[in-house]
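Peer 1: First the structure, which I've put down as structure tokens, then a few questions once you've had a look.
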Amino acid sequence: MVDVGVLSTLIITAFAISVINAACLVVIIVSPALKKPSIIFVGNLLMTHLIQGILVIPSYVAKRWEVGNSSEKSAICDVFRFTYMITNYGSCLNLLLIAVDRVLAVFRPYSYKLIVTKRFGLWAVGALWTYVLVLCSFPFIPKDEPQKCGYNPRRIWSVCMLTINTLLPFLLIALSYIFIFKRIKYMRERAFSNDIQKQSNGDRSQESRESSQEITVARMSLTVIFAYAICWGPSFLYYLIQATCSTCFSPSYYESGTDEILTFIMKYLTFIDGIVAPGIYCFKHCYFQMAFRSLKTRFCQRFSQV
């Protein structure tokens, strides 16, 4: 039986994710201030969340309520599982790209623009998606026994993907930001000593301004990563335990429906990340705010002329 409340919640969530991420992508495209190589990584993350809104959640709704005949159900199941996997690992690895970008910006400020070019950004994103799509295609290899879905991850594949492409990148991200904030702290201390010397003429050093900008961007990026950890963390731990400890859950656990309830809650948490991440950029990123205000003004002016 279809739960109208759950169905409505999923549809509203899918619509909100699609609209918010599409709006942010439009802002990036039309705003000259956002046309920087590093914004490619942000745009890629927003595009990943847009896939959640237009493909992952709708296919999950169709799968959950068993829409269509047996062959259609199998196709819907494949679409959901495949898109869910690529958005999961795509998001995590993209956050690693953002962390690497911030490390280069902080530790190589003078050569950063020479290293992180538009070509470099597009190449990195292209390599990321090639890697993710190839690895996430392995579960399409058929098993000996018949399955409801053609997309069936093997246990060893799940363990390797969760550890190598989720846990390891997240540890590298955490380590990157530890070094970033240590570096920024050093930059601010040095800038503060320079500012004391220039206090007589009321001027701030260039290094002081740069350290303030870097810590603002780093904090915003770290907030996005924390949001990812909160939204995807429970799902990661649950599936890792399932894949590594088959005896941890008794048959009665699955028969009682507890697994289905927990799975839905954890999946919905991962969907919420598609709203949280663009929301952080909209409210924390000064260029996003300026671009949104500019678009709003232009829209209002055109609307008033009609």
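According to this note's numbering, the residues represented by the sequence shown are -7 to 298, in order. Heads up, the beta-carbon is just placed ideally off N, CA and C, and yes, glycines get one too. Model, not experiment: these values are computed from the prediction.
Distance, Cα to Cα, I4 vs L106?
Peer 2: Along the sequence shown, one-based indexing puts residue 4 at 12. Along the sequence shown, one-based indexing puts residue 106 at 114. In a straight line, the C-alpha of I4 is about 43 Å away from that of L106.
Peer 1: With R56 and Y143 assumed to form a contact (beta carbons below 8 Å), what rounded beta-carbon distance in angstroms separates them?
Peer 2: Locating residue 56 in the sequence shown gives position 64, counting from the first residue. Locating residue 143 in the sequence shown gives position 151, counting from the first residue. Contact doesn't hold; Cβ gap of about 16 Å is too wide.
Peer 1: Give every residue of the same chain whose Cβ lies closer than 8 Å to the Cβ of G(-3), excluding the five residues on either side of it in the sequence, and list them in chain order.
Peer 2: Position 5 of the sequence shown, counted from the start, is the residue given in the question as residue -3. Hits under 8 Å: none found.
Peer 1: With H, G and I counted as helix, E and B as strand and the rest as coil, what does DSSP make of M(-7)?
Peer 2: Indexing the sequence shown from 1 puts residue -7 at position 1. For M(-7), the pLDDT reaches just 48, beneath the cut-off of 50, and the residue's location in the model is therefore unreliable, although a value from the coordinates is still provided. In the structure shown, M(-7) sits in coil (DSSP, three-state: anything other than H, G, I, E or B).
Peer 1: Is there a Cβ of chain D sitting closer than 8 Å to that of Q234, yes or no?
Peer 2: Given the protein chain composition of this structure (a single chain), no chain D is represented.
Peer 1: Under 8 Å by Cβ, that's how I've got M315 and I272 pegged, so tell me the actual separation to the nearest angstrom.
Peer 2: Shown here, the chain extends from -7 to 298; a query on residue 315 therefore has no answer.
Peer 1: When the distance is taken between beta carbons, is L232 closer than 8 Å to L154?
Peer 2: One-based indexing of the sequence shown puts residue 154 at position 162. One-based indexing of the sequence shown puts residue 232 at position 240. Yes. Within cutoff.
Peer 1: Given a cut-off of 8 Å, decide if V22 and F284 are closer than it, judged by their beta-carbon atoms.
Peer 2: In the sequence shown, residue 284 corresponds to position 292, counting from 1. In the sequence shown, residue 22 corresponds to position 30, counting from 1. No, the Cβ-Cβ distance between F284 and V22 is not below 8 Å.
Peer 1: Look at the alpha carbon of F275 and the alpha carbon of F228, and state the distance between them as a whole number of angstroms.
Peer 2: Along the sequence shown, one-based indexing puts residue 275 at 283. Along the sequence shown, one-based indexing puts residue 228 at 236. C-alpha separation (whole angstroms): 28 Å.
Peer 1: What residues in its chain sit with their C-beta under 8 Å from that of L26, if we drop five residues either side in the sequence?
Peer 2: Residue mapping note: residue 26 aligns to position 34 of the sequence shown, counting from 1. Hits under 8 Å: V19, I20, Y279, F280, A283.
Peer 1: Could you check whether V95 and S168 sit closer than 8 Å to each other, using their CB atoms as the reference points?
Peer 2: Walking along the sequence shown from the start, residue 168 turns up at place 176. Walking along the sequence shown from the start, residue 95 turns up at place 103. A contact, by the Cβ cut-off of 8 Å.
Peer 1: Under the assumption that A235 contacts V151 (Cβ atoms under 8 Å), give the Cβ distance between them as a whole number of angstroms.
Peer 2: Here residue 235 refers to the residue found at position 243 of the sequence shown. Here residue 151 refers to the residue found at position 159 of the sequence shown. The Cβ separation is near 5 Å, so the contact holds.
Peer 1: Would you tell me roughly how many angstroms separate the C-alpha atoms of V209 and V98, rounded to the nearest one?
Peer 2: Here residue 209 corresponds to residue number 217 of the sequence shown, with the count starting at 1. Here residue 98 corresponds to residue number 106 of the sequence shown, with the count starting at 1. Distance between the alpha carbons of V209 and V98: 11 Å.
Peer 1: Between the C-alpha atoms of F218 and T79, what's the straight-line distance to the nearest angstrom?
Peer 2: Taking the first residue of the sequence shown as 1, we reach residue 218 at position 226. Taking the first residue of the sequence shown as 1, we reach residue 79 at position 87. Rounded to whole angstroms, F218 to T79 spans 17 Å at the Cα level.
Peer 1: Check this for me: beta carbons of C223 and T262, under 8 Å apart or not?
Peer 2: What you label residue 223 is simply residue 231 of the sequence shown in a count that begins at 1. What you label residue 262 is simply residue 270 of the sequence shown in a count that begins at 1. Yes, the Cβ-Cβ distance between C223 and T262 is below 8 Å.
Peer 1: Taking only the alpha-carbon atoms, compute the straight-line gap between I9 and L42 and give it to the nearest angstrom.
Peer 2: Within the sequence shown, residue 9 is the residue found at index 17, counting from 1. Within the sequence shown, residue 42 is the residue found at index 50, counting from 1. Their Cα atoms are separated by approximately 6 Å.
Peer 1: Hey, out of C128, S0, Y76, P243, whose CA is closest to Y52's CA?
Peer 2: In the sequence shown, counting from the first residue as 1, residue 52 sits at position 60. Of the listed residues, the one whose Cα sits closest to Y52 is Y76.
Peer 1: Can you tell me where the alpha helix (DSSP H) holding T255 begins and where it ends?
Peer 2: Taking the first residue of the sequence shown as 1, we reach residue 255 at position 263. Where T255 is concerned, the enclosing alpha helix (DSSP H) stretches over 250 to 276.
Peer 1: Work out the CA separation of Y102 and Y309 for me, nearest whole Å.
Peer 2: No answer is possible for residue 309: it lies beyond the span of the chain, which begins at -7 and ends at 298.
Peer 1: Could you pull out every residue in the same chain whose Cβ sits closer than 7 Å to the Cβ of L89, ignoring the five residues on either side in sequence?
Peer 2: Taking the first residue of the sequence shown as position 1, residue 89 is located at position 97. F33, A116, L120.
Peer 1: Near S192, what residues of its chain come up, given a Cβ to Cβ distance below 7 Å and the 5 sequence neighbours on each side ignored?
Peer 2: Your numbering for residue 192 matches position 200 in the sequence shown. Because the pLDDT at S192 is just 48, under 50, the model does not fix this residue reliably, and the point stays unresolved.
Peer 1: Where in the region 74 to 119 do unbroken runs of the alpha helix (DSSP H), each at least 4 residues long, occur, reported from the N-terminal end onward?
Peer 2: Complete alpha helix (DSSP H) runs here, min 4: 104 to 107.
Peer 1: Give me, in chain order, the residues of the same chain whose beta-carbon lies closer than 8 Å to that of C141; leave out the 5 immediate sequence neighbours on both sides.
Peer 2: Residue numbering aside, residue 141 sits at position 149 when the sequence shown is read from its first letter. The answer, listed in chain order, is S66, C69, D70, R73.
Peer 1: Spatial neighbours of Y245 within its chain, please: CB distance less than 7 Å, with the 5 preceding and 5 following residues excluded, ordered by chain position.
Peer 2: Counting from 1 along the sequence shown, the entry for residue 245 is found at position 253. Closer than 7 Å at the Cβ level, and outside the excluded window around Y245, lie D251.
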